[in-house]
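Visitor:
Numbering (our numbering), first residue to last: 70 to 421.
#1: Could you pull the DSSP bridge partners for residue 351 from this structure?
#2: I need the DSSP call for residue 117, collapsed to helix, strand or coil.
#3: What number of angstroms, rounded off, separates the C-alpha of residue 217 from the C-alpha of residue 133?
#4: Which term fits residue 279, buried or exposed, when burial requires 16 or more other beta carbons within 10 angstroms of its beta carbon?
#5: Going along the chain, which residues of its own chain have a beta-carbon closer than 7 Å to the beta-carbon of residue 354, five neighbours each way excluded?
#6: Among 213, 247, 191, which has the Cα closest to the Cα of residue 198?
#7: For residue 366, tell me which candidate among 411, 312, 128 has the shortest Cα-Cα distance.
#8: Quick check: residue 315 and residue 348, are their CB atoms within less than 8 Å of each other?
#9: With DSSP as the reference, please indicate the residues paired to residue 300 in a beta bridge.
#10: Mark residue 150 as exposed unless 16 or more other C-beta atoms lie within 10 angstroms of its C-beta, in which case mark it buried.
#11: For the beta strand (DSSP E) that residue 287 lies in, which residues bound it at each end?
#12: DSSP three-state label for residue 219, please.
#13: In angstroms with no decimal places, state the Cα-to-Cα distance between residue 247 and residue 394.
#14: What separation, rounded to the nearest whole angstrom, lies between the Cα atoms of residue 457 and residue 400?
#15: Is the beta carbon of residue 250 closer than 8 Å to that of residue 125?
#16: Step through the CB atoms of chain D and report whether any lies within less than 8 Å of the CB of residue 212.
#17: Going along the chain, which unbroken runs of the beta strand (DSSP E) with 3 or more residues stay wholly within the segment 84-159?
#18: Note down the Cα distance separating residue 162 from residue 230, rounded to an integer number of angstroms.
#19: Can you tell me where the alpha helix (DSSP H) with residue 382 in it begins and where it stops?
#20: For residue 325, list the residues DSSP reports as bridge partners.
#21: Going by C-alpha to C-alpha distance, which of 78, 191, 421, 160 sits closest to residue 324?
#22: Are the beta-carbon atoms belonging to residue 318 and residue 120 less than 8 Å from one another?
#23: Measure from the alpha carbon of residue 269 to the alpha carbon of each residue in 344, 297, 117, then state which is nearest.
#24: Count the other CB atoms within 10 Å of the CB of residue 168; is the residue buried (16 or more) or exposed (fewer)?
#25: Specify the secondary structure class of residue 173 as computed by DSSP and reduced to three states.
#26: Using beta-carbon positions only, say whether residue 358 and residue 70 come within less than 8 Å of one another.
#27: Which word fits residue 107, buried or exposed, when buried means at least 16 other C-beta atoms lie within 10 angstroms of its C-beta?
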């Protein structure tokens with residue numbers, strides 16, 4: 070398939086610059102049935118049924134964007150993937166100025182040593198104490214990021230002066246617990262304690278997975294033949310308790326509702342690898358395109374995604390290319406808000 074198959078025209082004014090307030094007031098394009106209905110996120114307790122199970126991503130976004138200096142040169146860093154200890158793969162601007170053994174200073178006691186270049190344009194760094202040159206421990210890295218890092222908002226949310234204190238809360242879901250993501254699982258941003266209480270009253274269950282979203286989620290697809298695209302790996306986990314709840318819900322006739330493409334990806338990565346949903350902890354670079362048969366997820370709550378992105382390919386695989394095209398045209402015509410802080414749609418698996 071061609072990259073152009075997943076393109077659409079998007080006016081700048083359709084891109085949300087801040088979330089709905091309250092969060093559960095966001096609009097919802099309901100495609101869980103045979104047509105389309107304009108609803109609100111707050112209507113989910115009426116749309117879902119007793120016995121359904123929501124699966125959310127409990128990853129927590131870290132302050133992953135840093136500005137530093139290598140000598141007189143300014144270097145911008147966005148953390149991408151933790152490699153253990155104080156070592157990270159990062160995207161750097163300008164990357165050409167990051168050479169092995171260079172030291173990038175972020176503060177008087179917080180710096181990084183460049184170790185080399187990785188595949189896909191990443192730079193491999195290790196956070197160090199500039200006084201001793203030794204690697205920092207986990208607590209010192211966390212403290213350094215808290216002191217010198219900022220929320221890694223996606224590039225389409227325009228903040229000329231950087232992220233704001235409001236973004237520190239807005240770009241974090243109510244489920245955030247496991248620190249490690251450098252991008253939010255944005256479908257989860259719509260949930261509030263009030264909504265969760267209503268869902269519980271309606272008999273809808275909740276289970277949690279973890280997928281630490283990497284900065285590669287914002288990289289454009291450049292291969293015109295999508296089969297040539299290579300995904301960046303991300304680490305995820307399905308706890309044994311979550312696997313048991315999913316399998317029990319399925320056996321009792323409930324539907325598995327993935328909240329966001331990140332929750333869906335870790336569930337499908339496990340199912341593709343093992344033929345079932347079970348306890349799982351591993352990296353995944355699963356790339357879902359039309360023709361994929363979903364084995365773990367019945368419904369997907371997700372925001373509206375960038376043109377020509379891997380996530381457009383995923384939702385087109387899940388709900389069908391023609392229904393997704395129609396849904397996006399409808400959303401644009403009705404003034405829905407797009408991307409991370411925008412509105413959502415509820416899709417059903419059409420591949421089973």
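Even glycine gets a Cβ: it sits at the ideal position worked out from N, Cα and C.
Guide: This is what the structure gives:
#1: Indexing the chain shown from 1 puts residue 351 at position 282. According to DSSP, which records beta bridges pairwise, residue 351 is partnered with 305.
#2: By 1-based counting over the chain shown, the position of residue 117 is 48. Judged by DSSP in its simplified three-state form, residue 117 adopts coil rather than helix or strand.
#3: Here residue 217 is taken as the residue at index 148 of the chain shown, counted from 1. Here residue 133 is taken as the residue at index 64 of the chain shown, counted from 1. Near 9 Å, if we compare the C-alpha coordinates of residue 133 and residue 217.
#4: Position 210 of the chain shown holds residue 279. Buried, by the Cβ-count rule.
#5: Walking along the chain shown from the start, residue 354 turns up at place 285. Cβ within range, chain order: 300, 301, 302.
#6: Stepping through the chain shown from its first residue, residue 198 is reached at position 129. Comparing Cα positions, the closest option is 213.
#7: Counted from its first residue, the chain shown places residue 366 at position 297. Checked all of 411, 312, 128; the closest Cα to residue 366 is 312.
#8: On the chain shown, residue 315 is found 246 positions in, with the first residue counted as 1. On the chain shown, residue 348 is found 279 positions in, with the first residue counted as 1. No, the pair does not count as a contact, with Cβ atoms beyond the cut-off.
#9: Translated into positions along the chain shown, residue 300 becomes position 231. Partner(s): none; residue 300 has no beta bridge.
#10: Position 81 of the chain shown, counted from the first residue, corresponds to residue 150. The residue in question, residue 150, is buried, as its Cβ has 16 or more Cβ neighbours within 10 Å.
#11: Here residue 287 corresponds to residue number 218 of the chain shown, with the count starting at 1. Counting along the chain, residue 287 falls outside any beta strand (DSSP E), and DSSP gives it neither H nor E.
#12: Locating residue 219 in the chain shown gives position 150, where the first residue counts as 1. Note: residue 219 maps to strand in three-state DSSP.
#13: Taking the chain shown and counting its residues from 1, one reaches residue 247 at position 178. Taking the chain shown and counting its residues from 1, one reaches residue 394 at position 325. The alpha-carbon atoms of residue 247 and residue 394 are separated by roughly 35 Å.
#14: The displayed coordinates of the chain run from 70 to 421. Any statement about residue 457 would go beyond what the structure contains.
#15: Stepping through the chain shown from its first residue, residue 125 is reached at position 56. Stepping through the chain shown from its first residue, residue 250 is reached at position 181. In this structure, residue 125 lies away from residue 250, with their beta-carbon atoms at least 8 Å apart.
#16: Looking for chain D here will not work: only one protein chain is present.
#17: 96-100, 106-109, 122-126, 128-130, 134-139, 142-151
#18: Working through the chain shown from its first residue, we reach residue 162 at position 93. Working through the chain shown from its first residue, we reach residue 230 at position 161. Distance between the alpha carbons of residue 162 and residue 230 is about 17 Å.
#19: One-based indexing of the chain shown puts residue 382 at position 313. It spans 379-388 - the alpha helix (DSSP H) in which residue 382 sits, taken as one unbroken run.
#20: Stepping through the chain shown from its first residue, residue 325 is reached at position 256. Paired residues: 122.
#21: For this step, residue 324 is matched to residue 255 along the chain shown. Residue 324 has its Cα closest to that of 421, out of 78, 191, 421, 160.
#22: As a working mapping, residue 318 is identified with position 249 in the chain shown. As a working mapping, residue 120 is identified with position 51 in the chain shown. In this structure, residue 120 lies closer than 8 Å to residue 318 by Cβ.
#23: Sequence index remark: in the chain shown, residue 269 carries index 200 (1-based). Residue 117 is the option with its Cα nearest to residue 269.
#24: Along the chain shown, one-based indexing puts residue 168 at 99. Exposed, because fewer than 16 other Cβ atoms sit within 10 Å of the Cβ of residue 168.
#25: Within the chain shown, numbered from 1, the residue matching residue 173 stands at position 104. Reduced to three states, the DSSP call for residue 173 is strand.
#26: For this step, residue 358 is matched to residue 289 along the chain shown. For this step, residue 70 is matched to residue 1 along the chain shown. Contact: yes.
#27: Looking up residue 107 in the chain shown gives position 38. Residue 107 should be labelled exposed.
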